[in-house]
Amino acid sequence: MPKFIAFKFKNNGESFYIETIVNKRKKTVLVDGGEGGAISNHFMNAVRRDRVNVVVCTHQDKDHATGIHAFLSEYKCDEVWLPAEWGYLYGYFFNKSAPDITKTFNSLISLIREFESGEQESVFTIKDFEAYIFRKLRLMNELIHSFDEYDLTEFSNQDSLISRETSMILQLSQLSFTNLSKGAAGWISETIGHYKSIVRIAHIALENDIPIRWFQYQRDVPLKIHKNDPLIALNSKEILRLRRYPSPNQFFLQLASQARQTVMNERSLVFSTNWKENKKIPPILFNADSNLDGEEVNKAKFKRGMIITVPHHGSKNNIDAFNRIKEKIESHRINRTKWVKSYHNNVALDSWYLEHLLAIKRGTKRYCTRCENEHIEFKLVKREWKRIKTKKRRDGCICV
2 MPKFIAFKFK
12 NNGESFYIET
22 IVNKRKKTVL
32 VDGGEGGAIS
42 NHFMNAVRRD
52 RVNVVVCTHQ
62 DKDHATGIHA
72 FLSEYKCDEV
82 WLPAEWGYLY
92 GYFFNKSAPD
102 ITKTFNSLIS
112 LIREFESGEQ
122 ESVFTIKDFE
132 AYIFRKLRLM
142 NELIHSFDEY
152 DLTEFSNQDS
162 LISRETSMIL
172 QLSQLSFTNL
182 SKGAAGWISE
192 TIGHYKSIVR
202 IAHIALENDI
212 PIRWFQYQRD
222 VPLKIHKNDP
232 LIALNSKEIL
242 RLRRYPSPNQ
252 FFLQLASQAR
262 QTVMNERSLV
272 FSTNWKENKK
282 IPPILFNADS
292 NLDGEEVNKA
302 KFKRGMIITV
312 PHHGSKNNID
322 AFNRIKEKIE
332 SHRINRTKWV
342 KSYHNNVALD
352 SWYLEHLLAI
362 KRGTKRYCTR
372 CENEHIEFKL
382 VKREWKRIKT
392 KKRRDGCICV
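Be aware that the sequence shown starts at 2, since it is given in my numbering, and climbs by one per residue.
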């Protein structure tokens, strides 16, 4: 029987599990893993399975991504779907001609020192640092748009990968941030943590012989539906070859860009359940932290009784995403949509979630893991998503 579960985390975390039918076969999917390692126990207690078909990570935010490594450490999986940008960064040090990672990151630290020495009166910002690297690239005539590309099969020597990953993590942990401002030291430390997380997730999949499928974010990518896939990508396309950055500065520019919170959220991968291969199941729209600035809403299938995950935990920064969904619901007269929100203690709920969402006519309902203080589970009953009753259950979300 098809089901949907939104996992409840103690503090921060977003993770969803679905069981669906695609091409007459049952498919199971974990979308994001929450923060830390809590997903391992949550999954066992709520799902009671030892494997899923697909694990998806929508973007790098730690409340979505860090649990993926914990999950893959304990459970089996047939495929992992990751942002292609991760593959570009991961693959930079994992090839025969790879540069020394300690020297590379020490060069980045030297670049920051150089940048700060020329910006005596300024507070360190990622945006300014990106601009500085961009200028430096231009001066060094390194701003080229052609990249070497390599097949995914180059990630084949498992023993070499394991040895290199272990050595790399150790070397990154020993870097020194002396003579940097507090802001710059904090940024480089967070950026290294970001990179280590990417490496660990990609590495554990490869170590366990789990195929990785890489999805390149694109705002206006044509819709492509694979009949055996449980999810449909709405703002990305699958790629079979990864870029190899031609220089450390190109690598730094990409790393700095991805470390920016707004960029992470803007490039969140958005998916829907496969509506084409099972028209009897109301779709589920997974929005992650996206503001839906592309064609996601136009391409998505909207249907009576569908489940919509609340963009970015109800943040004020995502009012545009809400307005786009609302317009589609009202113009297509979609009844009884179910909005499911995961909790983040640093996100202040905006009026669009607290008031405007409930003002949508047609039987709209909200559900919130914080208010209900438990995992939220729906099962398909007579072609409708029905909330499973529990002893702790409250009547939906009562956030005010």
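Backbone N, C-alpha and C fix where the C-beta goes; we use that ideal spot for every residue, glycine too. Bear in mind the structure is a predicted one, so any value in this text is a computation, not a measurement.
Residues bridged to residue i (per DSSP)
| i | result |
| --- | --- |
| Ile19 | Phe5, Val30 |
| Cys78 | Val53 |
| Lys238 | Gln217 |
| Glu378 | Ile6 |
| Ile233 | Ser273 |
| Leu83 | Trp215 |
| Leu350 | Ser316 |
Identity of the residue in the options nearest residue i by Cα
| i | options | result |
| --- | --- | --- |
| Val124 | Ser182, Ser168, Ala322, Leu350 | Ser182 |
| Glu331 | Asn24, Lys317, Pro284, Leu358 | Leu358 |
| Thr274 | Asn288, Arg261, Met265, Asn266 | Asn288 |
| Asn42 | Ile19, Phe10, Asn54, Val32 | Phe10 |
| Ser291 | Ile282, Ser316, Val23 | Ser316 |
| Pro12 | Lys387, Leu381, Cys372 | As written in the sequence, residue 12 is Asn, which differs from the Pro given in the question. Comparing Cα positions, the closest option is Cys372. |
| Arg388 | Val401, Leu243, Thr338 | Thr338 |
| Ile377 | Asn266, Ser168, Tyr368 | Tyr368 |
| Ala260 | Ser174, Asn336, Thr192 | Thr192 |
| Ala186 | Asn336, Val264, Arg114 | Arg114 |
| Phe216 | Asp51, Thr21, Val57, Glu20 | Val57 |
| Asp1 | Glu36, Pro249, Thr103 | Nothing in the structure corresponds to residue 1, since the chain is present only between 2 and 401. |
| His345 | Ala7, His314, Leu232, Met307 | His314 |
| Asn318 | Val271, Leu381, Asp79, Ala349 | Ala349 |
| Asn336 | Thr67, Thr103, Arg305, Pro249 | Arg305 |
Range of the contiguous alpha helix (DSSP H) that encloses residue i
| i | result |
| --- | --- |
| Cys369 | Segment 366 to 369 is the beta strand (DSSP E) holding Cys369; no alpha helix (DSSP H) there. |
| Phe106 | 102 to 118 |
| Arg325 | 320 to 332 |
| Ser198 | 183 to 208 |
| His314 | Neither: His314 is in no alpha helix (DSSP H) and is coded neither H nor E. |
| Ser258 | 249 to 260 |
| Ala47 | 40 to 47 |
| Glu297 | 297 to 300 |
Expected contact under 8 Å - CB spacing of residue i and residue j to nearest Å
| i | j | result |
| --- | --- | --- |
| His65 | Arg268 | The Cβ separation is near 12 Å, so there is no contact. |
| Phe253 | Leu83 | The pair is not a contact, with the Cβ atoms about 21 Å apart (cut-off 8 Å). |
| Asn236 | Arg220 | 6 Å |
| Val55 | Tyr76 | Actually they do not touch by this definition, with Cβ atoms about 12 Å apart. |
| Lys197 | Leu224 | Not quite, the Cβ-Cβ distance comes to about 35 Å (not below 8 Å), so this is no contact. |
| Leu286 | Ile309 | 5 Å |
| Arg50 | Thr29 | 7 Å |
| Glu80 | Ile189 | Actually they do not touch by this definition, with Cβ atoms about 33 Å apart. |
| Trp340 | Val311 | 5 Å |
Range of the contiguous beta strand (DSSP E) that encloses residue i
| i | result |
| --- | --- |
| Val341 | 339 to 342 |
| Ile309 | 308 to 310 |
| Thr179 | Taken as a continuous stretch (DSSP letters only), Thr179 belongs to no beta strand (DSSP E), as it is neither H nor E. |
| Phe287 | 285 to 287 |
| Lys387 | 385 to 388 |
The region 201 to 219 in contact with the region 81 to 91 per 3-pair CB rule at 8 Å: yes
Sufficient close CB pairs (3 or more, under 8 Å) joining the region 15 to 27 to the region 276 to 286: Here the region 15 to 27 makes contact with the region 276 to 286; the two share three or more CB pairs at distances below 8 Å.
Touching by the beta-carbon criterion (3+ pairs, under 8 Å), the region 44 to 51 and the region 174 to 192: no
Segment contact flag, the region 316 to 329 with the region 296 to 307, C-beta cutoff 8 Å, min 3 pairs: yes
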